[in-house]
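Report on the following structure.
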Amino acid sequence: MIDFRSDTVTRPTPNMREAIANALVGDDVYGDDPTTNELEQWAAERHGFEAAMFTSSGTQANLLGLMAHCERGDEYLCGQQAHNYKYEAGGAAVLGSIQPQPIENNPDGTLCFEKLAAAIKADDFHFARTKLLSLENTINGKVLPLSYLAQAREFVNKHQLALHLDGARVYNAAVALDVDIKEIAQHFDSMTICLSKGLSAPIGSLLLGTKEYIKKARRIRKMLGGGMRQTGILAAAGKLALTEQVPQLAADHANAKYLAEQLNTVNGFSVNVEHIQTNIVFAKLDNKVDIKTICDKALEQDILLSAGNPIRFVTHKDITKQNIDTLIEFLKQN
């Protein structure tokens, strides 16, 4: 299968499979899993935080991240397109009793600080208490500039808010900016990192923050049923995701740019190549394109696509330039 639906479909590398088979394990709920402990300690130091915690998914990491910052009746600011607002089943509201206050994203993915300031609630018992600003990087494949992150830090300091990063694809951002990951992480009070997208681990995300913050999040993780046992078999792959697999992201970005260029040669497809910063490509379709039928025919050719307009394509380690050529040939014939 040639799967363009997401980078979540990446398969673990041979080295990951070997590490999984040989991982030293223990009961992580007791704190006894040596491989998980090592990953958490290493990840905290690597990203400039005091502590880290392994979680089963990015959705869980984001929910724990919000709930560890906010109490019942509190509010967090985020973008209309934020994953932890739009695509995570309303978990913060349903399970955390935290009110989201979404702000329209600018075309580059940023949020307007004037609009954010206007959304902060007064200290009045009629209102939810605004406690947190949550950003996402990358967002829809777009990279938040370092200068913007510095401004966000100044903004939350001024308004006495905490700053959280949904960093599901934060390594894509670091690679695109050609900076060390700490250049991004330094601005945030907490951050998540997904290990199972472009970094190719089979399962898992990390939540990073202060020791007290992670201690609180760990308690909430247990409450939500997120306490796992011999997690070392997953953590072993996660360590390789953050080391061996990071260089692969540059190739994914180059393939995305190539895909965008080639899509512009297909009738009915239009991509602004200049907007391609990382591994996600959105193509606009004209009214003559029956994308549902195309996706059905593609499946018959072992090509997996997500129907939509614009249609999203995601490149990753299991997508080659030859795979892209195969896709383009198929689209031109259909």
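Under the numbering used here, think of the first position of the sequence shown as 61, with each following residue one higher.
In this text, a Cβ means the ideal position worked out from N, Cα and C, and glycines have one as well.
Secondary structure at residue 116: coil, using DSSP grouped into helix, strand and coil. Here residue 223 is not near residue 103, since their CB atoms are 8 Å or more apart. The beta carbon of residue 304 sits closer than 8 Å to those of 73 and 75, all from its chain and outside the five residues before and after it, given in chain order. Under DSSP, residue 342 takes part in a beta bridge, and its partners are 372. When 279, 332 and 178 are compared, the shortest CA-CA separation from residue 115 is found for 279. Nearest in C-alpha terms to residue 320, of all of 134, 340 and 358, is 340.
Contact between the stretch 323-341 and the stretch 128-135 is absent: fewer than three C-beta pairs spanning the two stretches fall below 8 Å. For the pair residue 366 and residue 68, the CB atoms are not nearer than the 8 Å cut-off. Residue environment for residue 194: buried (at least 16 other C-beta atoms within 10 angstroms of its C-beta).
With a 10 Å radius around the Cβ and a threshold of 16 neighbouring Cβ atoms, residue 178 comes out exposed. At the C-beta level, residue 295 and residue 95 come within 8 Å of one another. Secondary structure at residue 105: helix, using DSSP grouped into helix, strand and coil.
Cβ contact annotation for residue 385 (same chain, cutoff 8 Å, sequence separation greater than five): 322, in chain order. Secondary structure in the stretch 142-215: the alpha helix (DSSP H) runs of 4 residues or longer, each lying completely within the stretch, are 143-146, 151-156 and 173-179 in chain order.
Here residue 161 really is in contact with residue 137; their C-beta atoms are around 5 Å apart, less than 8 Å. Taking a cut-off of 8 Å for Cβ pairs, the stretch 147-157 and the stretch 182-192 do not touch, as fewer than three such pairs fall below it.
Distance between residue 112 and residue 101, taken at the CA atoms: about 7 Å. Bridge partners of residue 329 according to DSSP: 345. According to DSSP, residue 254 shares a beta bridge with 265.
Three or more Cβ pairs closer than 8 Å define a contact, and the stretch 345-365 falls short of that threshold against the stretch 296-316. A direct Cα-to-Cα measurement between residue 362 and residue 387 gives close to 10 Å. Judged by DSSP in its simplified three-state form, residue 355 adopts helix. Distances from the alpha-carbon of residue 246 to those of 97, 86, 106 and 192 put 106 closest.
In terms of Cβ geometry, residue 380 and residue 316 do not form a close pair [threshold 8 Å]. The C-beta distance from residue 233 to residue 198 rounds to 5 Å, short enough to fall under 8 Å. Annotation: the continuous alpha helix (DSSP H) that includes residue 385 extends over 381-393.
For a cut-off of 8 Å, the C-beta gap from residue 338 to residue 236 is around 5 Å, short enough to register as a contact. Contact check for residue 123 against residue 156 passes: the beta carbons are separated by less than 8 Å. Residue 308 and residue 377 have their C-alpha atoms roughly 7 Å apart.
In the DSSP assignment, residue 139 falls within the unbroken beta strand (DSSP E) covering 134-139.
Taking C-beta separations shorter than 6 Å and ignoring five residues to either side along the sequence, the partners of residue 63 in its chain run 69 and 364, following chain order.
Excluding residues up to 5 positions away in sequence, 170 lie with their Cβ nearer than 8 Å to the Cβ of residue 208 in the same chain. Bounds of any alpha helix (DSSP H) do not take in residue 227; it lies within the beta strand (DSSP E) bounded by 222-227.
When C-alpha distances from residue 61 are compared across 368, 152, 383 and 313, the shortest belongs to 383. Taking the Cα positions, residue 313 is about 32 Å away from residue 270. When beta bridges are read from the DSSP output, residue 63 appears opposite 364.
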